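Q: Below is one structure. I have some questions about it.
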Amino acid sequence: MKITVPPLPQRTLIDISGRCNLKCPMCLVHGLDDQGLKQLAIGDMDFAAVQSILSQLPEGDSMVQPNMWGEPTLAPNFREHIKNMKERKQAIALNTNGLTLNEDLQAFLCDNEVDSVFFSIDAISNETLKKVRGVTKLEKIERNLQSLIKVRGDRRLPRIGATFTLQTANSHEEQAFIDRWVPYVDVVRVGSVFEQGSLKGVETPTKRTPCQALYTTLPIHYDGNALICCLDGLAEHKVGNVLEEGVKAVWHGEKLTEIRRLHEEGRTDEVPLCKDCNAWAGHIYEEVVEERAGVKVLVRRSAQFEYYNRVDRLESWSSDLKGHVPPDAETVKKLVSA
6 MKITVPPLPQ RTLIDISGRC NLKCPMCLVH GLDDQGLKQL AIGDMDFAAV QSILSQLPEG
66 DSMVQPNMWG EPTLAPNFRE HIKNMKERKQ AIALNTNGLT LNEDLQAFLC DNEVDSVFFS
126 IDAISNETLK KVRGVTKLEK IERNLQSLIK VRGDRRLPRI GATFTLQTAN SHEEQAFIDR
186 WVPYVDVVRV GSVFEQGSLK GVETPTKRTP CQALYTTLPI HYDGNALICC LDGLAEHKVG
246 NVLEEGVKAV WHGEKLTEIR RLHEEGRTDE VPLCKDCNAW AGHIYEEVVE ERAGVKVLVR
306 RSAQFEYYNR VDRLESWSSD LKGHVPPDAE TVKKLVSA
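Residues in the sequence shown are numbered from 6 upward in steps of one, following my numbering.
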């Protein structure tokens, strides 16, 4: 099964900084005990280098996520990065732990129409937050999230979400987390934790299909090295350097082309990073409308994620957010009326 590769990636993950103010045990980088390995994975991308990468992406038809395993707001020149991305008409998806998002930064994100801001919270109690994120600052995180909603007001953007990475330490709070945030945010996301090469506790289809991320997404480490997958936290599986070769050359390069071919031929066992991974199943989903905490939500479920999208805030969900594309209006109408 030969799959067409687009001219350029639809989604580009640019590790503008590997810095973080947390040491979450589940994190493949900052949760490491090996300080040597950790330091190799953490750095800041030069501002001119980021500009160079952005200049090679199609204007108005791609999405940029300005972080992978770090807290993006800690990056030097963070605001300049965001402004530059928006000047080049890139959609921006921002993942944050929320601790640094004071009202001034909240206003900046809203005024510059960052397309989505997702708060990684993972708990509804400080006791659980301590286990999964290593801090007891739940009140501050929740206050900043509620404040961002207020600062945005009636504006369409940013699309605001609260996320929950499901693991043993917090599984007892999953349903309460969904009900806690559905009345306030545009979307609640529940995902499975990635450990030792695979997502934990998920059921995958019997027949394996090529991972769609290989055809849509290019993760770029702070040093310009492009990776097979964003789940390669230590950047061990490189497919080329975009600062030396260019984005298009790496995207269509020999290494990525060979990995795609092995996926298409069902030979994923020959790709060490992909051998035991089941994240490919996260691209296969079903949708249904449910009511949670008195709110009607469009639920998108896959083996990896569950998205609880508030029906009354679907206008904030744009196809500009590549990889999490909304259903068309007719489909939504049928689901809601069913």
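Glycine included, every Cβ here is placed at the ideal spot set by N, Cα and C.
Since the structure is predicted, the reported quantities are computational estimates derived from the model, not experimental observations.
Just to confirm the assignment: which complete alpha helix (DSSP H) runs, minimum length 4, are found wholly within the segment 14 to 46?
A: Those alpha helix (DSSP H) runs which fall completely within the segment 14 to 46 and span 4+ residues are 40 to 45.
Q: Based on DSSP bridge pairs, tell me the residues matched to P11.
A: For the purposes of this step, residue 11 is taken as residue 6 along the sequence shown, with counting starting at 1. Answer is none; P11 lacks a bridge partner.
Q: State the Cα-Cα distance for the pair I264 and N283, rounded to the nearest angstrom.
A: Position 259 of the sequence shown, counting from 1, holds the residue named residue 264. Position 278 of the sequence shown, counting from 1, holds the residue named residue 283. Their backbone Cα atoms lie some 16 Å apart in a straight line.
Q: Can you say whether E178 is buried or exposed, counting buried as having 16 or more other CB atoms within 10 angstroms of its CB?
A: What you label residue 178 is simply residue 173 of the sequence shown in a count that begins at 1. By the neighbour-count rule (16 or more Cβ atoms within 10 Å), E178 is buried.
Q: Please report the residue range of the beta strand (DSSP E) in which K301 lies.
A: Translated into positions along the sequence shown, residue 301 becomes position 296. Looking at the DSSP string, the run of the beta strand (DSSP E) that includes K301 is V300 to S307.
Q: Relative to the C-alpha of S57, which residue among M90, D66 and N314 is closest?
A: Taking the first residue of the sequence shown as position 1, residue 57 is located at position 52. Closest by alpha carbon: M90.
Q: Using 10 angstroms around the beta-carbon of N107, count the other beta-carbons present and answer buried if the total reaches 16, otherwise exposed.
A: For the purposes of this step, residue 107 is taken as the residue at position 102 of the sequence shown. The residue is exposed, with fewer than 16 neighbouring Cβ atoms inside 10 Å.
Q: Distance, Cα to Cα, L134 vs Y313?
A: Reading the sequence shown from its first residue, position 129 is the one you call residue 134. Reading the sequence shown from its first residue, position 308 is the one you call residue 313. Cα-Cα distance, rounded: 22 Å.
Q: Using a threshold of 8 Å, state whether the C-beta atoms of E269 and P215 are closer than that.
A: To locate residue 269, count along the sequence shown from 1; it is residue 264. To locate residue 215, count along the sequence shown from 1; it is residue 210. Cβ distance < 8 Å, so E269 and P215 count as in contact.
Q: Apply the 10 Å Cβ neighbour rule to N72 and answer buried if 16 or more other Cβ atoms are within range, or exposed otherwise.
A: Sequence index remark: in the sequence shown, residue 72 carries index 67 (1-based). Buried, since its Cβ has 16 or more Cβ neighbours within 10 Å.
Q: Which runs of the beta strand (DSSP E) fall wholly inside the segment 210 to 245 and span at least 3 residues, in chain order?
A: Entirely contained in the segment 210 to 245, the beta strand (DSSP E) runs reaching 3 residues are, in chain order, 222 to 225 and 230 to 232.
Q: What residue range does the alpha helix (DSSP H) around T262 cover?
A: Residue numbering aside, residue 262 sits at position 257 when the sequence shown is read from its first letter. It spans E259 to E269 - the alpha helix (DSSP H) in which T262 sits, taken as one unbroken run.
Q: Around the Cβ of V299, are there at least 16 other Cβ atoms within 10 angstroms (buried) or fewer (exposed)?
A: On the sequence shown, residue 299 is found 294 positions in, with the first residue counted as 1. According to the sequence provided, residue 299 is Gly. The question's Val does not apply to it. By the neighbour-count rule (16 or more Cβ atoms within 10 Å), G299 is not buried but exposed.
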